[in-house]
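For reference, the structure is listed below as structure tokens.
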Amino acid sequence: MQRSGGPDIKVKYVDVPPLDPSADLRRSEPMRAVLDPEPGSNWVDLFYEFIHTSNALLIRAHPVIDDGAIVFSPDVDAARGTCILLKKLVAEVNARYRTRGFASPDDHQSREGHREKLAALAEALNRGED
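Heads up, our numbering is the position in the sequence shown plus 3, with the first residue counted as 1.
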């Protein structure tokens with residue numbers, strides 16, 4: 004199945020907070036890879052499907068798509084490599100999306116569980132808990 008219309012999603016730029024080698028990016032401001040154009044739901048589903056089989060360095064950064072950007076928290080020493088891997092992953096998702104156009108239906112439940120965990124984490128963080 005060939006996807007109809009629309010340009011490929013690209014990483015427009017990466018918003019990098021000031022990197023302090025002694026800081027834990029998971030507890031401070033994360034990095035954001037801004038996507039252009041903003042991806043649709045089928046592309047996002049494919050992205051999450053590909054994350055499960057991507058490089059361990061990228062998995063440890065816990066990338067999440069939020070408002071047209073991939074938000075992730077890499078180790079400070081691995082930030083540059085993680086950005087490179089993330090751009091490569093976006094290209095791989097584009098290639099699969101051009102040919103298939105949608106994610107695996109079996110992966111839907113996993114994505115829902117992931118979204119629920121993120122919502123619970125956000126709620127706990129907003130209350131000041133870990």
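For glycine and all other residues, C-beta sits at the position ideal for the given N, C-alpha and C.
In this text the structure is predicted, and so the values were computed from the model without any measurement.
Measure the C-alpha to C-alpha separation of residue i and residue j and round it to an integer number of angstroms.
| i | j | result |
| --- | --- | --- |
| A64 | P33 | 9 angstroms |
| K81 | I62 | At residue 81 the sequence reads Ala, which differs from the Lys that was named. Straight-line Cα distance between these residues: approximately 12 angstroms. |
| K13 | A122 | 27 angstroms |
| P77 | S57 | 14 angstroms |
| P42 | L88 | 18 angstroms |
Once you ignore the five residues that flank residue i on each side, which residues in its own chain have a CB closer than 6 angstroms to its CB?
| i | result |
| --- | --- |
| C86 | V17 |
| V47 | I68 |
| D11 | N97 |
| P66 | I73, F75 |
Who are the near neighbours of residue i in its chain, counting only those whose CB is closer than 7 angstroms to its CB and skipping five residues on each side?
| i | result |
| --- | --- |
| G116 | none |
| F53 | L92, E95, V96 |
Based on Cα-Cα distance, which residue from the options lies nearest to residue i?
| i | options | result |
| --- | --- | --- |
| I73 | L124, P40, P10, A123 | P40 |
| K90 | P21, W46, L38, K120 | L38 |
| P21 | V14, A123, K15, R35 | R35 |
| V79 | L60, D70, G131 | L60 |
| V19 | N129, F75, G131, R130 | F75 |
By Cβ distance, which residues of its chain are closer than 8 angstroms to residue i, with the 5 residues on each side in sequence left out?
| i | result |
| --- | --- |
| E119 | none |
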